[in-house]
Amino acid sequence: MRTRIMLFVILVVSISVQAQQPLVPHNANEALETAQEALRKGNYHTADHYADMALKENRTAKQAAEVKIQAMAHLMETPQDSTRYIVALLDLHDHDRPNPIFNKLLMEYFTAPGKETELKQYIHDEIRKYPDSKWNWALNGEVCMKEGNWEKAIASFKHAVSLDSTFVEAIYNIGVCEVSKAVVLHDSIEAKHEKLTPALADSIKNAYQQALASLEKVRSLDPNHKTVDWPKLLLHVYNVLDDPRKKELEESMR
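Going by our numbering, the sequence shown opens with residue 5, and the numbers climb by one from there.
Below you can see the structure in the form of C-alpha coordinates.
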(Lines of atoms letter the chains of each structure in order from A and count residues from 1; the text may use other names and numbers.)
(Lines give C-alpha, C1' and ligand atoms only; values in the text may rest on other atoms or scores of the structure.)
Protein backbone atom coordinates (compact mmCIF):
# COMPACT_ATOMS: atom_id res chain seq x y z
CA MET A 1 0.00 0.00 0.00
CA ARG A 2 2.79 2.43 0.95
CA THR A 3 4.55 1.62 -2.32
CA ARG A 4 1.41 2.37 -4.35
CA ILE A 5 0.98 5.72 -2.52
CA MET A 6 4.58 6.69 -3.23
CA LEU A 7 4.19 5.76 -6.91
CA PHE A 8 1.02 7.86 -7.08
CA VAL A 9 2.82 10.87 -5.51
CA ILE A 10 5.75 10.52 -7.91
CA LEU A 11 3.34 10.32 -10.86
CA VAL A 12 1.46 13.45 -9.73
CA VAL A 13 4.71 15.39 -9.21
CA SER A 14 5.98 14.24 -12.59
CA ILE A 15 2.81 15.39 -14.35
CA SER A 16 2.94 18.73 -12.49
CA VAL A 17 6.57 19.35 -13.46
CA GLN A 18 5.87 18.50 -17.08
CA ALA A 19 2.94 20.92 -17.10
CA GLN A 20 5.22 23.72 -15.91
CA GLN A 21 7.81 23.16 -18.64
CA PRO A 22 7.57 25.42 -21.71
CA LEU A 23 6.21 23.71 -24.78
CA VAL A 24 8.92 22.62 -27.19
CA PRO A 25 8.41 24.59 -30.43
CA HIS A 26 7.35 22.41 -33.32
CA ASN A 27 7.97 24.99 -36.02
CA ALA A 28 9.58 28.36 -36.71
CA ASN A 29 6.50 30.35 -35.72
CA GLU A 30 6.34 28.70 -32.31
CA ALA A 31 10.09 29.16 -31.87
CA LEU A 32 9.73 32.86 -32.64
CA GLU A 33 6.85 33.28 -30.19
CA THR A 34 8.84 31.47 -27.49
CA ALA A 35 11.87 33.67 -28.17
CA GLN A 36 9.79 36.87 -28.06
CA GLU A 37 8.16 35.86 -24.78
CA ALA A 38 11.53 34.99 -23.26
CA LEU A 39 12.91 38.37 -24.33
CA ARG A 40 9.98 40.18 -22.70
CA LYS A 41 10.63 38.29 -19.47
CA GLY A 42 14.37 38.97 -19.53
CA ASN A 43 15.32 35.34 -20.18
CA TYR A 44 17.99 36.28 -22.68
CA HIS A 45 19.72 32.90 -23.06
CA THR A 46 16.37 31.28 -23.82
CA ALA A 47 15.46 34.07 -26.23
CA ASP A 48 18.79 33.67 -28.02
CA HIS A 49 18.36 29.89 -28.28
CA TYR A 50 14.87 29.94 -29.80
CA ALA A 51 15.67 32.91 -32.02
CA ASP A 52 18.36 30.74 -33.63
CA MET A 53 15.68 28.16 -34.42
CA ALA A 54 13.37 30.80 -35.91
CA LEU A 55 16.21 32.22 -38.03
CA LYS A 56 16.24 29.05 -40.12
CA GLU A 57 12.95 29.91 -41.83
CA ASN A 58 12.59 32.87 -44.19
CA ARG A 59 9.12 33.80 -42.91
CA THR A 60 10.38 34.30 -39.35
CA ALA A 61 14.00 35.29 -39.98
CA LYS A 62 13.52 39.07 -39.81
CA GLN A 63 11.72 39.08 -36.45
CA ALA A 64 14.03 36.39 -35.12
CA ALA A 65 17.04 38.56 -35.96
CA GLU A 66 15.48 41.43 -34.00
CA VAL A 67 15.02 39.18 -30.98
CA LYS A 68 18.49 37.66 -31.20
CA ILE A 69 20.36 40.96 -31.46
CA GLN A 70 18.43 42.36 -28.48
CA ALA A 71 19.30 39.25 -26.48
CA MET A 72 22.95 39.56 -27.51
CA ALA A 73 23.00 43.13 -26.19
CA HIS A 74 22.26 41.75 -22.72
CA LEU A 75 24.58 38.75 -22.94
CA MET A 76 27.86 40.58 -23.65
CA GLU A 77 30.49 39.71 -21.05
CA THR A 78 33.85 39.87 -22.86
CA PRO A 79 35.47 42.14 -25.46
CA GLN A 80 34.99 39.30 -27.95
CA ASP A 81 31.26 39.27 -27.19
CA SER A 82 31.15 43.02 -27.76
CA THR A 83 32.94 42.70 -31.10
CA ARG A 84 30.63 39.94 -32.29
CA TYR A 85 27.62 41.98 -31.21
CA ILE A 86 28.54 45.23 -32.97
CA VAL A 87 29.61 43.41 -36.16
CA ALA A 88 26.26 41.59 -36.25
CA LEU A 89 24.32 44.76 -35.41
CA LEU A 90 26.06 46.81 -38.12
CA ASP A 91 25.37 44.06 -40.66
CA LEU A 92 21.67 43.97 -39.71
CA HIS A 93 21.52 47.75 -39.87
CA ASP A 94 23.09 47.81 -43.34
CA HIS A 95 20.39 45.46 -44.60
CA ASP A 96 17.49 47.22 -42.88
CA ARG A 97 18.46 50.83 -42.22
CA PRO A 98 15.00 52.17 -41.21
CA ASN A 99 14.56 49.46 -38.55
CA PRO A 100 13.99 51.36 -35.26
CA ILE A 101 15.25 48.47 -33.12
CA PHE A 102 18.63 48.36 -34.86
CA ASN A 103 18.95 52.15 -34.83
CA LYS A 104 18.12 52.34 -31.13
CA LEU A 105 20.63 49.61 -30.27
CA LEU A 106 23.31 51.41 -32.29
CA MET A 107 22.66 54.65 -30.41
CA GLU A 108 22.85 52.83 -27.08
CA TYR A 109 26.06 51.06 -28.01
CA PHE A 110 27.95 54.04 -29.42
CA THR A 111 26.84 56.50 -26.72
CA ALA A 112 28.03 54.24 -23.90
CA PRO A 113 31.09 55.43 -21.91
CA GLY A 114 34.40 54.67 -23.59
CA LYS A 115 33.01 54.53 -27.12
CA GLU A 116 33.70 58.16 -28.05
CA THR A 117 36.39 57.46 -30.67
CA GLU A 118 34.39 54.65 -32.27
CA LEU A 119 31.29 56.84 -32.32
CA LYS A 120 33.00 59.78 -34.04
CA GLN A 121 34.42 57.57 -36.77
CA TYR A 122 31.11 55.78 -37.22
CA ILE A 123 29.13 59.03 -37.51
CA HIS A 124 31.63 60.56 -39.93
CA ASP A 125 31.31 57.56 -42.23
CA GLU A 126 27.55 57.27 -41.85
CA ILE A 127 26.73 60.92 -42.56
CA ARG A 128 28.98 60.82 -45.60
CA LYS A 129 27.21 57.72 -46.94
CA TYR A 130 23.68 58.46 -45.71
CA PRO A 131 23.15 62.20 -45.18
CA ASP A 132 19.37 61.76 -45.04
CA SER A 133 19.36 59.44 -42.03
CA LYS A 134 17.76 61.06 -38.98
CA TRP A 135 19.54 58.58 -36.72
CA ASN A 136 22.97 59.66 -37.96
CA TRP A 137 22.23 63.30 -37.20
CA ALA A 138 20.81 62.37 -33.81
CA LEU A 139 23.99 60.46 -33.00
CA ASN A 140 26.06 63.45 -34.09
CA GLY A 141 23.98 65.55 -31.73
CA GLU A 142 24.72 63.13 -28.90
CA VAL A 143 28.46 63.52 -29.50
CA CYS A 144 28.20 67.30 -29.47
CA MET A 145 26.17 67.14 -26.23
CA LYS A 146 28.88 65.08 -24.54
CA GLU A 147 31.45 67.67 -25.61
CA GLY A 148 29.27 70.50 -24.27
CA ASN A 149 28.94 72.00 -27.74
CA TRP A 150 25.30 72.93 -27.33
CA GLU A 151 24.89 74.98 -30.51
CA LYS A 152 26.25 72.24 -32.76
CA ALA A 153 24.19 69.67 -30.91
CA ILE A 154 21.03 71.72 -31.39
CA ALA A 155 21.82 72.13 -35.10
CA SER A 156 22.27 68.36 -35.49
CA PHE A 157 19.05 67.52 -33.66
CA LYS A 158 17.15 70.13 -35.67
CA HIS A 159 18.47 68.53 -38.84
CA ALA A 160 17.21 65.17 -37.58
CA VAL A 161 13.80 66.70 -36.86
CA SER A 162 13.71 68.23 -40.35
CA LEU A 163 13.88 64.65 -41.63
CA ASP A 164 11.20 63.43 -39.20
CA SER A 165 9.01 66.01 -37.47
CA THR A 166 7.79 63.38 -34.97
CA PHE A 167 11.29 62.32 -33.82
CA VAL A 168 10.56 62.63 -30.10
CA GLU A 169 14.05 61.84 -28.84
CA ALA A 170 15.65 64.52 -31.01
CA ILE A 171 13.05 67.16 -30.11
CA TYR A 172 13.54 66.37 -26.43
CA ASN A 173 17.31 66.66 -26.76
CA ILE A 174 16.90 70.11 -28.30
CA GLY A 175 15.14 71.09 -25.08
CA VAL A 176 17.89 69.52 -23.00
CA CYS A 177 20.54 71.44 -24.93
CA GLU A 178 18.72 74.76 -24.59
CA VAL A 179 18.38 74.29 -20.82
CA SER A 180 22.01 73.21 -20.53
CA LYS A 181 23.13 76.24 -22.52
CA ALA A 182 21.18 78.54 -20.18
CA VAL A 183 22.49 76.84 -17.03
CA VAL A 184 26.11 76.99 -18.22
CA LEU A 185 25.78 80.68 -19.06
CA HIS A 186 24.19 81.48 -15.70
CA ASP A 187 26.79 79.47 -13.76
CA SER A 188 29.63 81.11 -15.70
CA ILE A 189 28.35 84.56 -14.77
CA GLU A 190 28.11 83.61 -11.11
CA ALA A 191 31.54 81.95 -11.06
CA LYS A 192 33.15 85.10 -12.46
CA HIS A 193 31.11 87.30 -10.13
CA GLU A 194 29.92 89.23 -13.14
CA LYS A 195 26.80 91.35 -13.27
CA LEU A 196 23.78 89.83 -14.96
CA THR A 197 23.22 92.41 -17.68
CA PRO A 198 19.85 92.75 -19.47
CA ALA A 199 21.42 91.24 -22.59
CA LEU A 200 22.66 88.17 -20.70
CA ALA A 201 19.34 87.82 -18.90
CA ASP A 202 17.58 87.88 -22.26
CA SER A 203 19.91 85.19 -23.60
CA ILE A 204 19.13 82.93 -20.67
CA LYS A 205 15.41 83.57 -20.89
CA ASN A 206 15.41 82.98 -24.65
CA ALA A 207 17.14 79.63 -24.20
CA TYR A 208 14.47 78.57 -21.71
CA GLN A 209 11.72 79.73 -24.05
CA GLN A 210 13.24 77.69 -26.86
CA ALA A 211 13.41 74.72 -24.50
CA LEU A 212 9.77 75.25 -23.57
CA ALA A 213 8.68 75.10 -27.21
CA SER A 214 10.56 71.84 -27.75
CA LEU A 215 9.31 70.21 -24.56
CA GLU A 216 5.71 71.20 -25.23
CA LYS A 217 6.06 69.54 -28.62
CA VAL A 218 7.42 66.42 -26.92
CA ARG A 219 4.51 66.49 -24.49
CA SER A 220 2.01 66.51 -27.34
CA LEU A 221 3.76 63.66 -29.17
CA ASP A 222 4.51 61.56 -26.10
CA PRO A 223 1.77 62.41 -23.55
CA ASN A 224 2.38 59.33 -21.41
CA HIS A 225 6.19 59.87 -21.53
CA LYS A 226 6.83 56.34 -22.74
CA THR A 227 9.55 57.44 -25.17
CA VAL A 228 11.37 60.00 -23.01
CA ASP A 229 10.97 61.11 -19.40
CA TRP A 230 10.12 64.76 -20.08
CA PRO A 231 7.97 65.87 -17.05
CA LYS A 232 10.82 66.80 -14.69
CA LEU A 233 12.64 68.92 -17.25
CA LEU A 234 9.44 70.62 -18.37
CA LEU A 235 8.56 71.39 -14.75
CA HIS A 236 12.00 72.94 -14.28
CA VAL A 237 11.40 75.17 -17.31
CA TYR A 238 7.94 76.11 -16.05
CA ASN A 239 9.44 77.11 -12.69
CA VAL A 240 12.18 79.23 -14.25
CA LEU A 241 9.70 81.01 -16.53
CA ASP A 242 7.06 81.16 -13.79
CA ASP A 243 4.59 79.50 -16.11
CA PRO A 244 1.17 78.98 -14.46
CA ARG A 245 0.92 75.51 -16.02
CA LYS A 246 3.45 74.25 -13.48
CA LYS A 247 0.71 73.55 -10.91
CA GLU A 248 -1.16 71.27 -13.26
CA LEU A 249 2.02 69.40 -14.17
CA GLU A 250 3.06 69.03 -10.52
CA GLU A 251 -0.31 67.49 -9.70
CA SER A 252 -0.09 65.05 -12.59
CA MET A 253 3.37 63.92 -11.41
CA ARG A 254 2.17 62.95 -7.92
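Backbone N, C-alpha and C define an ideal beta-carbon position, used for all residues, glycine too.
These numbers come from a predicted model, not from an experiment.
Report the rounded CA-to-CA distance for residue i versus residue j, giving the unit in angstroms.
i      : j      : result
Ala77  : Gln125 : 21 Å
Ser256 : Pro235 : 9 Å
Glu61  : Glu70  : 14 Å
Gly237 : Ala211 : Just to set this straight, residue 237 is Leu in the shown sequence, not Gly. Cα to Cα, Leu237 sits roughly 14 Å from Ala211.
Asp168 : Ser137 : 10 Å
Val222 : Asn31  : 42 Å
Val147 : Pro202 : 32 Å
Asn47  : Leu36  : 14 Å
Tyr242 : Cys181 : 16 Å
Ala174 : Ile131 : 16 Å
Leu189 : Glu112 : 29 Å
Lys199 : Lys185 : 18 Å
Glu41  : Leu123 : 32 Å
Gln214 : Lys156 : 15 Å
Would residue i be called buried (16 or more neighbouring beta carbons within 10 Å of its own) or exposed?
i      : result
Ser224 : exposed
Val91  : exposed
Leu109 : buried
Asp52  : buried
Gln25  : Its pLDDT being 39, under 50, Gln25 is placed unreliably by the model, and nothing is read from it.
Glu254 : exposed
Val244 : buried
Thr38  : buried
Gln84  : exposed
Ala195 : exposed
His99  : exposed
When the Cα of residue i is compared with those of the options, which residue comes out closest?
i      : options                           : result
His240 : Ala203, Asp226 and Leu216         : Leu216
Asn33  : Ala55, Leu43, Lys45 and Leu237    : Ala55
Ile158 : Asp168, Gly145, Glu151 and Leu167 : Gly145
Thr121 : Lys150, His97, Ile178 and Val222  : Lys150
Pro104 : Glu37, Val172, Asn47 and Met80    : Val172
Glu220 : Gly179, His99 and Arg258          : Gly179
Thr115 : Leu253, Ala39, Arg249 and Ala142  : Ala142
Ala68  : Gln74, Leu204 and Leu59           : Leu59
Pro102 : Lys209, Asp246, Ser192 and Trp139 : Trp139
Lys230 : Asp206, Tyr176, Leu79 and Glu112  : Tyr176
Asp247 : Asp226, Pro227, Val232 and Lys209 : Lys209
Leu43  : Asp191, Leu204, His97 and Lys72   : Lys72
Check the Cβ-Cβ distances between residue i and every residue of chain B, and say whether any is below 8 Å.
i      : result
Arg258 : Of the chains in the structure shown, none is chain B; there is only one protein chain.
Exercise for the section: Kindly provide the ranges of any alpha helix (DSSP H) runs that are 4 or more residues long and lie completely inside the stretch 102-175, ordered along the chain. Expected result: 104-114, 120-133, 138-150 and 154-167
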